[in-house]
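Undergrad: For the sequence shown, this note's numbering gives the first residue as 1051, with consecutive numbering after it. A virtual CB, placed ideally from N, CA and C, is assigned to each residue, including glycine. Below you will find the structure I want to go over with you.
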Amino acid sequence: MKVGVVGLGYVGLVTAAVLADKGNEVVGIDVSADRINDLNSHNLPIFEPELENRIQSAGSRLMFSTDYSYLADCSGVFICVPTPNNESGIDLSFVVAASREVSEIAPGSALIIKSTVIPGTARFIGKLTGMAVISNPEFTREGSAVHDTEHPDRIVIGGDNPDICNELWKFTGSPVIITTNENAELIKYASNAFLATKITFINQIADLCEKIPGADVKTVALGMGLDHRIGKEFLKAGLGYGGSCFPKDTIAINSFAKSKDVNLGIVDSVIRYNSERINQLVEKIVKIAGNLNGKNVCVLGLSFKDNTDDLRESRSIALIENLSKRGARIFAYDPVVKRYNGIIHMRNVEECMEKCNIVITATEWEEFSRIDPSLFKGKMVFDLRRILSINASDIAMGVGIGKD
Ligand code: UDX
């Protein structure tokens, strides 16, 4: 099939690469000429495991351009542009602009919306463009986006003409839910709000564990997660959720519900707790380490999660900003992110240890779990991600560890 993908960020680029790798002819469109030039010169604008392999194996089946006219004879066009929050909810202007362009060039194609949009958007875009609109939300995590796109837990397809979309994702063999546009749109928000709630719940249990000598949130989460009704995923206590989706989507569904006179009290309190989480953790650090003014502090990890270079809504950056305001000098090491203003970048963990007596883990990079514990001798260690292989008695504080 010949398909188009408009918006070549994490979602669009991965969708384009995977569909082309599976034998479709794919045209990727982006408004950024720089991004298209990068892609055409084989420079990937994002770090995402396996993406380069898929683009290479797709070969000439995948092309990139800023020119919408290449979409002319596509059977379906995916809309993967951002939907940032604004004061009144979400900003649909990119979705509207992209859909209008597609409707002029390829009015007979199916418009497949992957961008996260509030319920009612597909119907509105259908009226605006006169096109058949399919809602096909994505559930991929950055850092494993290629894997998640090829092996999704489910495919959700909303709208009256699901066939094209169904055919494109058939190779996954995953369960398919064919439903209304509105259900598809809501499934995405409800899923992300639920996952953000799960993370917040375990962070609050971690707070409780810290008050109980002998308690450890990791073991509590393990014991909970083995109950299949609860499930073990997204029960890692830490700095709270960050990234380009959860913070934005929880706020969006909350204000959408308010506009319908519905109070999503749980989501409301999740948003509030998560926004206070960093300061709450820094207060705990200060209680143990004392005034941070003028002190050298090492932060391990900068990206919002492991296996990505994405800094959007990174909890590590929020932590660094809070520590800096208190006068700390920040030395940071991240396996992938090498440039962030206002901090001193270290080449490795060893270098950090030479400069700092206070060490904080902020991103769950697997490499940190392999740090030789002897490196931390004499240091004040705050394991906010519970990633280190170190005895609880040898750290100043670990999230969710109850100490005497
Ligand atoms: C998320 C959703 O998982 C995905 O389905 C959706 O389509 C896009 O948003 P992503 O933002 O890439 O994906 O990352 P995710 O792995 O969900 O992590 C989000 C945040 O939660 C990160 O800051 C991560 O560190 C944090 N997190 C995750 C925890 O603190 N604990 C956990 O147990 C899991």
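Residues in the same chain with beta-carbon distance under 6 Å from Asp-1071, minus the five sequence neighbours each way, listed in chain order, please.
TA: Within the sequence shown, numbered from 1, the residue matching residue 1071 stands at position 21. Excluding positions up to five away in sequence, the list reads Arg-1104, Ser-1107 and Ala-1108.
Undergrad: Identify which residue in Leu-1314, Leu-1369, Gly-1292 and Ile-1175 has its Cα closest to the Cα of Ala-1378.
TA: Taking the sequence shown and counting its residues from 1, one reaches residue 1378 at position 328. With distances taken between CA atoms, Ala-1378 lies nearest to Leu-1369 out of Leu-1314, Leu-1369, Gly-1292 and Ile-1175.
Undergrad: Under 9 Å, do Asn-1407 and Ile-1301 count as touching if we go by C-beta distance?
TA: Counting from one through the sequence shown, the residue named residue 1407 turns up at place 357. Counting from one through the sequence shown, the residue named residue 1301 turns up at place 251. Not closer than 9 Å, so no.
Undergrad: Have a look at Arg-1397, Cys-1402, Pro-1385 and Asp-1356 and flag the residue whose alpha-carbon is nearest the alpha-carbon of Glu-1414.
TA: Here residue 1414 refers to the residue found at position 364 when the sequence shown is read from its first residue. Looking at the Cα atoms, Asp-1356 is the closest of the given residues.
Undergrad: Judging by CA-CA distance, which residue of Phe-1426, Ser-1419, Ser-1424 and Lys-1427 is the nearest neighbour of Arg-1435?
TA: As a working mapping, residue 1435 is identified with position 385 in the sequence shown. It is Ser-1419 whose Cα lies nearest to the Cα of Arg-1435.
Undergrad: Within the same chain, show all residues whose beta-carbon is closer than 7 Å to that of Ala-1195, passing over the 5 residues directly before and after it, in chain order.
TA: Sequence index remark: in the sequence shown, residue 1195 carries index 145 (1-based). So the list reads Tyr-1060, Val-1064 and Glu-1098, once near-sequence residues are dropped.
Undergrad: At a cut of 8 Å, does the region 1081 to 1092 reach the region 1154 to 1165 through at least three beta carbon pairs?
TA: No: the two stretches stay apart, fewer than three of their Cβ pairs being nearer than 8 Å.
Undergrad: Measure the beta-carbon distance from Glu-1102 to Pro-1169 and round it to whole angstroms, keeping in mind my assumption that it falls under 8 Å.
TA: Position 52 of the sequence shown, counting from 1, holds the residue named residue 1102. Position 119 of the sequence shown, counting from 1, holds the residue named residue 1169. Between Pro-1169 and Glu-1102 the Cβ distance is about 36 Å, and since that is not below 8 Å, they are no contact.
Undergrad: Contact defined as beta carbons within less than 8 Å: I believe Ser-1185 pairs with Ala-1172. What is the distance between those atoms, to the nearest angstrom?
TA: Numbered from its first residue, the sequence shown carries residue 1185 at position 135. Numbered from its first residue, the sequence shown carries residue 1172 at position 122. That belief holds up - the Cβ atoms of Ser-1185 and Ala-1172 are roughly 5 Å apart, short of 8 Å.
Undergrad: Once DSSP output is grouped into helix, strand and coil, what is the label at Val-1131?
TA: Counted from its first residue, the sequence shown places residue 1131 at position 81. Correct three-state label for Val-1131: coil.
Undergrad: Please classify Asp-1360 as buried or exposed, where buried requires at least 16 neighbouring CB atoms within 10 angstroms.
TA: Along the sequence shown, one-based indexing puts residue 1360 at 310. Classification for Asp-1360: buried.
Undergrad: Note down, one range per segment and in chain order, each alpha helix (DSSP H) of at least 4 residues found wholly within the region 1353 to 1407.
TA: With a minimum length of 4 residues, the unbroken runs of alpha helix (DSSP H) contained wholly in the region 1353 to 1407 fall at 1365 to 1375 and 1399 to 1405.
Undergrad: If Ser-1294 and Glu-1188 are in contact, beta carbons under 8 Å, what's the gap, nearest whole angstrom?
TA: Stepping through the sequence shown from its first residue, residue 1294 is reached at position 244. Stepping through the sequence shown from its first residue, residue 1188 is reached at position 138. The pair is not a contact, with the Cβ atoms about 12 Å apart (cut-off 8 Å).
Undergrad: Does DSSP put Leu-1314 in a helix, in a strand, or in coil?
TA: Residue mapping note: residue 1314 aligns to position 264 of the sequence shown, counting from 1. It is coil, neither helix nor strand.
Undergrad: Count the other CB atoms, across all protein chains shown, that sit within 10 Å of the CB of Val-1312; report buried if there are 16 or more and exposed otherwise.
TA: Here the question's residue 1312 lines up with position 262 in the sequence shown. Val-1312 should be labelled exposed.
Undergrad: Since Val-1387 contacts Val-1409 with CB under 8 Å, what's their CB separation in whole angstroms?
TA: Locating residue 1387 in the sequence shown gives position 337, where the first residue counts as 1. Locating residue 1409 in the sequence shown gives position 359, where the first residue counts as 1. Their Cβ separation, rounded to whole angstroms, is 18 Å, which puts Val-1387 and Val-1409 out of contact at 8 Å.
Undergrad: For Gly-1062, which residues in the same chain have their Cβ closer than 6 Å to its Cβ, ignoring the five residues on either side in sequence?
TA: Sequence index remark: in the sequence shown, residue 1062 carries index 12 (1-based). For Gly-1062, where only same-chain residues beyond five positions count, the Cβ hits under 6 Å are Val-1055 and Cys-1130.
Undergrad: Quick one: grab the DSSP three-state call for Lys-1052.
TA: Reading the sequence shown from its first residue, position 2 is the one you call residue 1052. Lys-1052 falls in the strand class under three-state DSSP.
Undergrad: Let me make sure I understand the geometry here. Which of Asp-1433, Gly-1428 and Gly-1351 has the alpha-carbon closest to that of Met-1396?
TA: As a first step, residue 1396 must be located in the sequence shown, where it is residue number 346. Gly-1351 is the residue among Asp-1433, Gly-1428 and Gly-1351 whose C-alpha sits nearest the C-alpha of Met-1396.
Undergrad: Between the C-alpha atoms of Met-1051 and Ser-1110, what's the straight-line distance to the nearest angstrom?
TA: Against the sequence shown, residue 1051 aligns to sequence position 1. Against the sequence shown, residue 1110 aligns to sequence position 60. Roughly 14 Å separates the two Cα atoms.
Undergrad: Less than 8 Å between the CB atoms is what I'm expecting for Asp-1198 and Arg-1191, so what's the real figure, rounded?
TA: Counting from 1 along the sequence shown, the entry for residue 1198 is found at position 148. Counting from 1 along the sequence shown, the entry for residue 1191 is found at position 141. Right, the Cβ-Cβ distance comes to about 6 Å (below 8 Å), so this counts as a contact.
Undergrad: To the nearest angstrom, report how far apart Gly-1180 and Pro-1132 are at their CA atoms.
TA: As a first step, residue 1180 must be located in the sequence shown, where it is residue number 130. As a first step, residue 1132 must be located in the sequence shown, where it is residue number 82. Whole-angstrom Cα-Cα distance: 22 Å.
Undergrad: If you run the structure through DSSP and keep just helix, strand and coil, what is Ile-1280?
TA: Position 230 of the sequence shown, counted from the start, is the residue given in the question as residue 1280. If DSSP states are grouped into helix, strand and coil, Ile-1280 belongs with coil.
Undergrad: Apart from the five residues just before and just after Cys-1348, which ones in its own chain have a Cβ nearer than 6 Å to its Cβ?
TA: One-based indexing of the sequence shown puts residue 1348 at position 298. Result list for Cys-1348: Phe-1381, Cys-1402, Cys-1406 and Val-1409, in chain order.
Undergrad: Quick check on the contact list: which residues have their beta carbon closer than 5 Å to a heavy atom of ligand 1?
TA: Phe-1189, Arg-1191, Glu-1192, Ile-1249, Phe-1284, Lys-1286, Gly-1288, Tyr-1291, Gly-1292, Gly-1293, Cys-1295, Phe-1354 and Lys-1355
Undergrad: If we count the other Cβ atoms within 10 Å of its Cβ and call it buried at 16 or more, is Lys-1238 buried or exposed?
TA: In the sequence shown, counting from the first residue as 1, residue 1238 sits at position 188. Classification for Lys-1238: buried.
Undergrad: Using the beta-carbon count (16 or more within 10 Å), is Gly-1247 buried or exposed?
TA: Here residue 1247 refers to the residue found at position 197 when the sequence shown is read from its first residue. Per the sequence shown, residue 1247 should be read as Thr rather than Gly. Thr-1247 is buried by the Cβ-count criterion.
Undergrad: What residue does the beta strand (DSSP E) around Val-1349 start on, and which one ends it?
TA: Walking along the sequence shown from the start, residue 1349 turns up at place 299. Where Val-1349 is concerned, the enclosing beta strand (DSSP E) starts and stops at 1346 to 1350.
Undergrad: Please list, in chain order, all residues of the same chain as Leu-1245 whose beta carbon is under 6 Å from its beta carbon, the five residues on each side excluded.
TA: Against the sequence shown, residue 1245 aligns to sequence position 195. Non-local beta-carbon contacts of Leu-1245 in its own chain, meaning distances under 6 Å to residues more than five positions away in sequence, involve Phe-1284 in chain order.
Undergrad: By how many angstroms is the C-alpha of Asp-1433 removed from the C-alpha of Gly-1448?
TA: Against the sequence shown, residue 1448 aligns to sequence position 398. Against the sequence shown, residue 1433 aligns to sequence position 383. Each residue's alpha carbon lies about 5 Å from the other.
Undergrad: Could you tell me the distance, in whole angstroms, from the CA atom of Lys-1429 to the CA atom of Asp-1213?
TA: One-based indexing of the sequence shown puts residue 1429 at position 379. One-based indexing of the sequence shown puts residue 1213 at position 163. Each residue's alpha carbon lies about 59 Å from the other.
Undergrad: Between the C-alpha atoms of Ala-1271 and Phe-1221, what's the straight-line distance to the nearest angstrom?
TA: Along the sequence shown, read from residue 1 onward, the residue named residue 1271 stands at position 221. Along the sequence shown, read from residue 1 onward, the residue named residue 1221 stands at position 171. Using only the alpha carbons, I get a separation of about 34 Å.
Undergrad: List the residues that DSSP assigns as beta-bridge partners of Met-1113.
TA: Here the question's residue 1113 lines up with position 63 in the sequence shown. BP columns for Met-1113 point to Val-1077.
Undergrad: Please state the DSSP three-state secondary structure of Leu-1438.
TA: What you label residue 1438 is simply residue 388 of the sequence shown in a count that begins at 1. Coil.
Undergrad: Identify whether Leu-1161 lies in helix, strand or coil by the three-state DSSP scheme.
TA: Position 111 of the sequence shown, counted from the first residue, corresponds to residue 1161. Note: Leu-1161 maps to strand in three-state DSSP.
Undergrad: Please check the pair Ser-1125 and Val-1053, which I expect to be a contact at CB under 8 Å, by giving their CB distance rounded to whole angstroms.
TA: The sequence position of residue 1125 within the sequence shown is 75, counting from 1. The sequence position of residue 1053 within the sequence shown is 3, counting from 1. Contact holds; Cβ gap of about 6 Å.
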